[in-house]
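Worksheet: one structure, shown below.
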Amino acid sequence: MQRNYDNLMSTYSYISQLSPVLFWDIDKERMDLERHSAGLIQRVLEHGTLQDWRLTRDYFGMDRIVADCKSLRTLDPMALSFICAMSDTKKEDYRCYHFRQSTPTLWNS
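The sequence shown begins at 1196 in my numbering and counts up by one.
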């Protein structure tokens, strides 16, 4: 039972230190980090501060961050470049890169 309490405190500590701007449309107190980790990681990469990034990296670990980012359908190009540089991975390994390449736009068709 103590282990679950420690994990809960760690989660609370992590989420309480993130920038409030990341939670403009959701209640961070009710957020399930395991279930919505990809969405939170995406918010941190696209709108967070360097401190938010460091907290997220320390909380989830690079393997989890990369796995979640690889499954994202969209990711800001700068955020994609950042995660590739931080994890020594290629853009071509990410779903969002291929999705962007295959989606025609009005000015690109």
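In this text, a Cβ means the ideal position worked out from N, Cα and C, and glycines have one as well.
How is residue i classed by DSSP in three states: helix, strand or coil?
{"i": "residue 1231", "result": "coil"}
{"i": "residue 1223", "result": "helix"}
{"i": "residue 1285", "result": "coil"}
{"i": "residue 1244", "result": "coil"}
{"i": "residue 1269", "result": "coil"}
What does a CB cutoff of less than 8 Å around residue i pick up in its chain, not counting 5 residues either side in sequence?
{"i": "residue 1247", "result": "1213, 1214, 1217, 1239"}
Can you tell me where the alpha helix (DSSP H) with residue i in it begins and where it stops?
{"i": "residue 1258", "result": "1257 to 1266"}
Should residue i go down as buried or exposed, given a rule of 16 or more other Cβ atoms within 10 Å for buried?
{"i": "residue 1243", "result": "buried"}
{"i": "residue 1245", "result": "exposed"}
{"i": "residue 1278", "result": "buried"}
What residues in its chain sit with their C-beta under 7 Å from that of residue i, if we drop five residues either side in the sequence?
{"i": "residue 1275", "result": "1286, 1289, 1291, 1292"}
{"i": "residue 1206", "result": "1228"}
{"i": "residue 1250", "result": "1209, 1212, 1213"}
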